[in-house]
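Residue numbers (the working numbering): 7 to 407.
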């Protein structure tokens, strides 16, 4: 039991380091400002935030099959080491002159590609030392800790960036986050290897067939795909709207990213207590309502005055609270629904739909924000459309139940 608890804390420290690096490079105002400083437009800047979930959606199943064949720990180590190397190439993008933007996109793409190997092996690694009775509580604690590290880092980044940060200043911030990112592999290598009792099915086709005939897992994964497809672009779209339409200063924009992460932080912290008092299915209904309400309220933000901006920060926090809480339920449910002997491939199947919805959401969002109907001052229409689509997905899920 003592070794199990030590492994849990090493996994938490690894998650804190990795998440802090990931959020700076793929999912915050820092990368949006960095890409814009290298000449990217709104659509391309938002596209940089879609690459990690998109690659997870496209490559998680092949990576899972590779993990079963060559060994999960080996793939995990190689993926984390390679991702760290490409991370620093992304940080060095401004030094490539006219090729800076292609280098940035290429380096982020390769980082995302490598991290797909990490994601494919991370949940099986956790399951190797984590009993079912501790999964939801552990996932909440782990994600609370890594969200806290992300919030602290972004708040410090906002202070360091200033009102109109030069590209070199953002580069230093990303370099520091890259150093922290390397801590993921440092702590993973200190988790003792644990044997998995059941033999895994190595083939992609046979493993996928078993996952597809697992109806509860299949239907739950399709629901997560729809939920993410129409909800995951909300935060970056709101950040771009605040910057380009409402004229919010860059350092304040980073604080909005921190507010979003703070909402996630609260969601992860509250989940163990909420699950003890509210059944998970009933809790999902409440979280769905929060998702839709956040999108509807964002559509009402039309000015950059103090109260609307305060309200916007609160809305982003609520939206992220719901996102965090749903992800805890989703991860625990995914691990529980995956059948013995096919855990790696089943979780990869579910993860493919989960992350695929996230990546496609931001690609679709980048495309829509480039059209006249949703661009500029018409961005509130984007939030209204997202709320309507989310309602349809949720109603379909409820009807199936």
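For glycine and all other residues, C-beta sits at the position ideal for the given N, C-alpha and C.
(message) With distance defined between alpha-carbon atoms, name the residue in 78, 170 and 153 nearest to residue 28.
(response) Reading the chain shown from its first residue, position 22 is the one you call residue 28. Nearest C-alpha to residue 28: 153.
(request) Go ahead and label residue 348 buried or exposed: buried means 16 or more other beta carbons lie within 10 angstroms of its beta carbon, across all protein chains shown. (result) One-based indexing of the chain shown puts residue 348 at position 342. By the neighbour-count criterion, in which 16 or more other beta carbons inside 10 Å mark a residue as buried, residue 348 falls on the buried side.
(message) Please tell me whether residue 264 and residue 164 are closer than 8 Å, where the distance is taken between their beta carbons.
(response) Here residue 264 refers to the residue found at position 258 when the chain shown is read from its first residue. Here residue 164 refers to the residue found at position 158 when the chain shown is read from its first residue. The criterion of a C-beta distance shorter than 8 Å is satisfied by residue 264 and residue 164.
(message) By the DSSP assignment, the alpha helix (DSSP H) with residue 15 in it spans what residues?
(response) One-based indexing of the chain shown puts residue 15 at position 9. 8-32 is the extent of the alpha helix (DSSP H) around residue 15.
(message) Rounding to the nearest angstrom, what Cα-Cα distance links residue 247 and residue 219 in this structure?
(response) The residue labelled residue 247 in the question sits at position 241 within the chain shown. The residue labelled residue 219 in the question sits at position 213 within the chain shown. Roughly 43 Å separates the two Cα atoms.
(message) Given this structure, state the Cα-to-Cα distance separating residue 138 from residue 95, to the nearest angstrom.
(response) Taking the first residue of the chain shown as position 1, residue 138 is located at position 132. Taking the first residue of the chain shown as position 1, residue 95 is located at position 89. Going by the C-alpha atoms only, they are around 39 Å apart.
(message) What does the alpha-carbon distance come out to for the pair residue 113 and residue 282?
(response) The residue labelled residue 113 in the question sits at position 107 within the chain shown. The residue labelled residue 282 in the question sits at position 276 within the chain shown. Approximately 43 Å between the Cα atoms of the pair.
(message) Using the Cβ count rule (16 or more neighbours within 10 Å means buried), how would you classify residue 277?
(response) The sequence position of residue 277 within the chain shown is 271, counting from 1. Buried.
(request) Keeping to the same chain, check which residues put their C-beta closer than 7 Å to that of residue 143; ignore five residues upstream and five downstream. (result) Counting from 1 along the chain shown, the entry for residue 143 is found at position 137. The beta carbon of residue 143 lies closer than 7 Å to those of 278 in the same chain, with the five residues before and after it left out.
(message) The alpha helix (DSSP H) that contains residue 354, what's its start and end?
(response) Numbered from its first residue, the chain shown carries residue 354 at position 348. Its alpha helix (DSSP H) spans residues 349-375.
(message) Please report the distance separating the alpha-carbon of residue 341 from that of residue 318.
(response) Mapped onto the chain shown, residue 341 falls at position 335. Mapped onto the chain shown, residue 318 falls at position 312. CA-CA distance, residue 341 to residue 318, rounds to 35 Å.
(request) Consult DSSP for residue 382 and reduce its assignment to one of helix, strand or coil. (result) To locate residue 382, count along the chain shown from 1; it is residue 376. In the displayed model, residue 382 falls within a helix according to three-state DSSP.
(request) Pick helix, strand or coil for residue 415, following the three-state DSSP scheme. (result) The structure shown has nothing for residue 415, since the chain only spans 7 to 407.
(request) Give the DSSP-derived three-state secondary structure of residue 319 in the structure shown. (result) By 1-based counting over the chain shown, the position of residue 319 is 313. Residue 319: helix per DSSP, three-state reduction.
(request) Consult DSSP for residue 199 and reduce its assignment to one of helix, strand or coil. (result) In the chain shown, counting from the first residue as 1, residue 199 sits at position 193. Residue state for residue 199 is assigned as coil, using DSSP reduced to three classes.
(request) Let me know the secondary structure DSSP gives residue 307 once reduced to three states. (result) Taking the first residue of the chain shown as position 1, residue 307 is located at position 301. Assigned with DSSP and collapsed to three states, residue 307 falls in coil, not helix or strand.
(request) Express the C-alpha separation of residue 362 and residue 228 in angstroms, rounding to a whole number. (result) For this step, residue 228 is matched to residue 222 along the chain shown. For this step, residue 362 is matched to residue 356 along the chain shown. Near 10 Å, if we compare the C-alpha coordinates of residue 362 and residue 228.
(message) Taking contact to mean 3 or more Cβ pairs, one atom from each stretch, closer than 8 Å, check whether the segment 247-258 and the segment 160-174 are in contact.
(response) With the cut-off at 8 Å, the segment 247-258 and the segment 160-174 touch.
(request) State yes or no: is the C-beta of residue 16 within less than 8 Å of the C-beta of residue 196? (result) Counting from one through the chain shown, the residue named residue 16 turns up at place 10. Counting from one through the chain shown, the residue named residue 196 turns up at place 190. Cβ distance < 8 Å, so residue 16 and residue 196 count as in contact.
(message) So, with DSSP's three-state summary, where would you put residue 284?
(response) One-based indexing of the chain shown puts residue 284 at position 278. In the three-state DSSP reduction, residue 284 falls in the coil class, being neither helix nor strand.
(request) Return yes when the Cβ of residue 20 is within less than 8 Å of the Cβ of residue 275, no when it is not. (result) Here the question's residue 275 lines up with position 269 in the chain shown. Here the question's residue 20 lines up with position 14 in the chain shown. Using a Cβ distance threshold of 8 Å, residue 275 and residue 20 do not count as a contacting pair.
(request) Mind checking which residues open and close the alpha helix (DSSP H) that includes residue 79? (result) For the purposes of this step, residue 79 is taken as the residue at position 73 of the chain shown. Its alpha helix (DSSP H) spans residues 78-97.
(request) Under the assumption that residue 326 contacts residue 266 (Cβ atoms under 8 Å), give the Cβ distance between them as a whole number of angstroms. (result) In the chain shown, the residue the question calls residue 326 occupies position 320. In the chain shown, the residue the question calls residue 266 occupies position 260. Confirmed, Cβ separation roughly 5 Å.
(message) Using the three-state DSSP reduction, which class does residue 222 fall into: helix, strand or coil?
(response) As a first step, residue 222 is located in the chain shown; it is residue number 216 there, counting from the start. Residue state, collapsed to three classes: helix.
(message) Does the structure place the segment 62-69 close enough to the segment 374-381 that three or more beta carbon pairs sit under 8 Å?
(response) Look at the beta carbons and you see the segment 374-381 not touching the segment 62-69: under three pairs across the two are nearer than 8 Å.
(message) Here's a check: name, in chain order, each residue in its chain whose Cβ is nearer than 6 Å to the Cβ of residue 387, leaving out the five neighbours to either side.
(response) Your numbering for residue 387 matches position 381 in the chain shown. Taken in chain order, the residues that qualify are 380.
(request) Note down the Cα distance separating residue 100 from residue 110, rounded to an integer number of angstroms. (result) Along the chain shown, read from residue 1 onward, the residue named residue 100 stands at position 94. Along the chain shown, read from residue 1 onward, the residue named residue 110 stands at position 104. If I take the Cα positions, the gap works out to 8 Å.
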